[in-house]
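Heads up: the sequence shown runs through residues 4 to 454, numbered per the numbering used here.
C-beta: ideal position from N, C-alpha, C; glycine also.
Just so it is clear, the structure is predicted and the values come from calculations on it, not from any experiment.
So the structure is just underneath, and the comments pick up after that.
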Amino acid sequence: MNKVIKTAAVAVATLAVATSAIVSPLTASAWSDNIQGGRPAYRLDCTDPTKCKIKKVKNNKCYETAGKACETEGDYLSFAGNNQPFFNSFINNPNYGDERNFVTALPEGADIHGPWNSNELTVEDGKTYTIRAYIHNDNPNGTAAVAKNTRVAFNIPVGSSTGIEVGGYINSDNANATQVFDNVILKSNDNRAFHITYVDGSAMVYDKGNLSGTPLSDDVVKKAASAGGASIGDIAGCFEYTKIVTIKVKVSYDNFTIDKKMRLAGTDDEFVEELDVKVGDKVEFKISYKNALPYHKTNNALNEANIQHNVMIRDILPNNMVYVPNTTRLFNANYQKGTLLSPDGDLFTKAVNIGNYGPQSNGYVFFTAEVVDKSLECGNNALVNWAQATVGNEVHQDRAVAHTTKVCENEPTPEIKLPTAGPVVTLGGAVAAGTIVTAAGYFIMSRRALR
Numbered sequence: 004m005n006k007v008i009k010t011a012a013v014a015v016a017t018l019a020v021a022t023s024a025i026v027s028p029l030t031a032s033a034w035s036d037n038i039q040g041g042r043p044a045y046r047l048d049c050t051d052p053t054k055c056k057i058k059k060v061k062n063n064k065c066y067e068t069a070g071k072a073c074e075t076e077g078d079y080l081s082f083a084g085n086n087q088p089f090f091n092s093f094i095n096n097p098n099y100g101d102e103r104n105f106v107t108a109l110p111e112g113a114d115i116h117g118p119w120n121s122n123e124l125t126v127e128d129g130k131t132y133t134i135r136a137y138i139h140n141d142n143p144n145g146t147a148a149v150a151k152n153t154r155v156a157f158n159i160p161v162g163s164s165t166g167i168e169v170g171g172y173i174n175s176d177n178a179n180a181t182q183v184f185d186n187v188i189l190k191s192n193d194n195r196a197f198h199i200t201y202v203d204g205s206a207m208v209y210d211k212g213n214l215s216g217t218p219l220s221d222d223v224v225k226k227a228a229s230a231g232g233a234s235i236g237d238i239a240g241c242f243e244y245t246k247i248v249t250i251k252v253k254v255s256y257d258n259f260t261i262d263k264k265m266r267l268a269g270t271d272d273e274f275v276e277e278l279d280v281k282v283g284d285k286v287e288f289k290i291s292y293k294n295a296l297p298y299h300k301t302n303n304a305l306n307e308a309n310i311q312h313n314v315m316i317r318d319i320l321p322n323n324m325v326y327v328p329n330t331t332r333l334f335n336a337n338y339q340k341g342t343l344l345s346p347d348g349d350l351f352t353k354a355v356n357i358g359n360y361g362p363q364s365n366g367y368v369f370f371t372a373e374v375v376d377k378s379l380e381c382g383n384n385a386l387v388n389w390a391q392a393t394v395g396n397e398v399h400q401d402r403a404v405a406h407t408t409k410v411c412e413n414e415p416t417p418e419i420k421l422p423t424a425g426p427v428v429t430l431g432g433a434v435a436a437g438t439i440v441t442a443a444g445y446f447i448m449s450r451r452a453l454r
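This is the structure in structure tokens:
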């Protein structure tokens, strides 16, 4: 997986909490909540679906025809005297279908009030797409069953892949499940890696009284981890109070990719993105670069525009890892048995030039580092090692995380520290110090819009 920074001079980006932002390929239908990962789905209790109507009564409450729902077939839940809010649990919503599939996607310009039932959408380079969240408090008791302080959040991953999961969250202070989650998968149309960026100012909220929508704060993405997203207020129970929240994301296909993995040095273990280590261990890192442009041959000559020249690779070691000298090696078509890169250590100071690469060709840089204790905290530590590849003015980055534990007498064990969105660099190579941020709930990575 590779993270993306693309600019002529990269500014400092907002850092937020993250674990892993990319998986490929992905599977959809990830509905869950914070009550042990998921509660039973509910059904509207209507013998005849065509007669499943909402009735209003004088006290402004509303209810399904039979006034109850069932958790499983034949197991009914009565709403008489039950004012507990709960979100998006009906699997046979007469207007929408399965409410658990509440995060969906459409091309820009499509009717956001139309039926959205797909879990995947194929996306094209340079186009903008709408991500939607459907929010329905299923309790039929109207204003007597208000979900307090309802917030909506979207997880916009920072990485690149052939399939990217966009997650949506509904949060409330007093609902049966105070957080429910679903996702939608965006997939490339030609198996090329791509990344997505949130379009600033694109968030909107819609309801029955305002079908044209009202602008919503960018907090729906930018403060998803810290504040649970953007507030859409208190949501009363029943269909007439349903809301829809949308955002827009732009798709950019990648010209090249970078992947960072590691294993214990001297072993034949598989290279992985995360590894448990201890002080004194030596870790071998593998940085994989690939020209992702398509291969087209005209008149027996490669298209020069698809050749990437002077590919630069750089690595940024964490404080508690030390480079082992004379271990940096390059493997590619010209050096199939590998070659030592010199001057030794340039990989960590000003980057190394690994040559020119035609479409679909690749190269690998290996090096070894030792785990040391310069500033380890008592308890769990995450040692985040970032690799960066630069072609022209485009920078992609990826990270690997080594986990180590320091045991201290009479010291409380701190919370586990997780990696940030990564170091931000200028093309000249100056490093902005990365910060380790403590995880809080789910992860949201905040990233500048790339245009």
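Closest residue to residue i among the options (Cα-Cα distance)
i: residue 96; options: 112, 138, 87, 128; result: 138
i: residue 35; options: 109, 170, 196; result: 170
i: residue 47; options: 242, 126, 297; result: 242
i: residue 282; options: 153, 358, 123, 374; result: 374
i: residue 380; options: 399, 407, 366; result: 407
i: residue 309; options: 156, 395, 86; result: 395
i: residue 195; options: 274, 123, 127, 85; result: 127
i: residue 329; options: 351, 311, 338, 337; result: 351
i: residue 220; options: 341, 267, 154, 255; result: 154
i: residue 148; options: 158, 86, 118; result: 86
i: residue 181; options: 90, 247, 235; result: 90
i: residue 360; options: 292, 167, 391, 235; result: 292
i: residue 167; options: 173, 122, 236, 345; result: 122
i: residue 84; options: 278, 152, 109, 145; result: 145
i: residue 217; options: 229, 393, 247, 189; result: 247
Inter-residue Cα distance where the pair is residue i and residue j
i: residue 193; j: residue 164; result: 12 Å
i: residue 162; j: residue 198; result: 6 Å
i: residue 313; j: residue 125; result: 33 Å
i: residue 500; j: residue 231; result: The structure shown does not extend to residue 500, since the chain is modelled only from 4 to 454, so the question has no answer here.
i: residue 215; j: residue 191; result: 30 Å
i: residue 353; j: residue 412; result: 41 Å
i: residue 212; j: residue 386; result: 51 Å
i: residue 278; j: residue 129; result: 36 Å
i: residue 152; j: residue 390; result: 41 Å
i: residue 275; j: residue 294; result: 22 Å
i: residue 444; j: residue 236; result: Confidence at residue 444 is low in this model, with a pLDDT of 27, below 50, so the placement of that residue should be treated as unreliable; the coordinate-derived value is given next. In a straight line, the C-alpha of residue 444 is about 21 Å away from that of residue 236.
i: residue 245; j: residue 255; result: 33 Å
i: residue 37; j: residue 103; result: 14 Å
i: residue 160; j: residue 109; result: 18 Å
i: residue 393; j: residue 400; result: 9 Å
i: residue 339; j: residue 367; result: 10 Å
i: residue 296; j: residue 307; result: 11 Å
i: residue 113; j: residue 82; result: 36 Å
i: residue 117; j: residue 229; result: 32 Å
i: residue 346; j: residue 225; result: 42 Å
Per DSSP, cross-strand counterpart(s) of residue i
i: residue 287; result: 266, 371
i: residue 149; result: According to DSSP, residue 149 bridges with nothing at all.
i: residue 520; result: No answer is possible for residue 520: it lies beyond the span of the chain, which begins at 4 and ends at 454.
i: residue 213; result: 210
i: residue 143; result: Residue 143 is not bridged to any residue.
i: residue 116; result: DSSP, once it has assigned bridges, lists no residue as partnering residue 116.
i: residue 219; result: None; residue 219 has no bridge partner.
i: residue 334; result: 367
i: residue 136; result: 106, 248
i: residue 154; result: 174, 234
i: residue 253; result: 131, 200
i: residue 182; result: 174
i: residue 360; result: 311
Beta-carbon proximity list for residue i, same chain, < 6 Å, skipping 5 on both sides
i: residue 369; result: 289, 332
i: residue 131; result: 111, 251, 253
i: residue 150; result: 88, 140, 175, 178, 238
i: residue 249; result: 115, 133, 135, 207
i: residue 92; result: 44, 45, 141
i: residue 272; result: 266
i: residue 209; result: 216, 247
i: residue 342; result: 333
Cβ-based neighbour list, residue i, same chain, cut-off 7 Å, excluding 5 preceding and 5 following
i: residue 327; result: 285, 371, 372, 373
i: residue 298; result: 362, 363
i: residue 233; result: 154, 155, 206, 219, 220, 222, 223
i: residue 349; result: 355
Neighbourhood of residue i by C-beta, 8 Å cutoff - its chain only, sequence neighbours within 5 removed
i: residue 376; result: 282, 323, 409
i: residue 388; result: 263, 265, 288, 318, 319, 320, 321, 324, 372, 402, 403, 404, 405
i: residue 52; result: Note that residue 52 has pLDDT 47, beneath the 50 cutoff, so the model's placement of it is unreliable and no number is given.
i: residue 267; result: 278, 280, 284, 285, 286, 287
Contact with chain C by residue i, beta-carbon distance below 8 Å
i: residue 242; result: Of the protein chains in this structure there is only one, and it is not chain C.
Nearest-angstrom beta carbon gap, residue j and residue i [assumed within contact, 8 Å]
i: residue 358; j: residue 335; result: 7 Å
i: residue 315; j: residue 365; result: That pair is no contact at about 15 Å.
i: residue 106; j: residue 187; result: 5 Å
Residue i Cβ short of 7 Å to the ligand MN heavy atom set
i: residue 291; result: You won't find the ligand MN in this model; it holds no ligand whatsoever.
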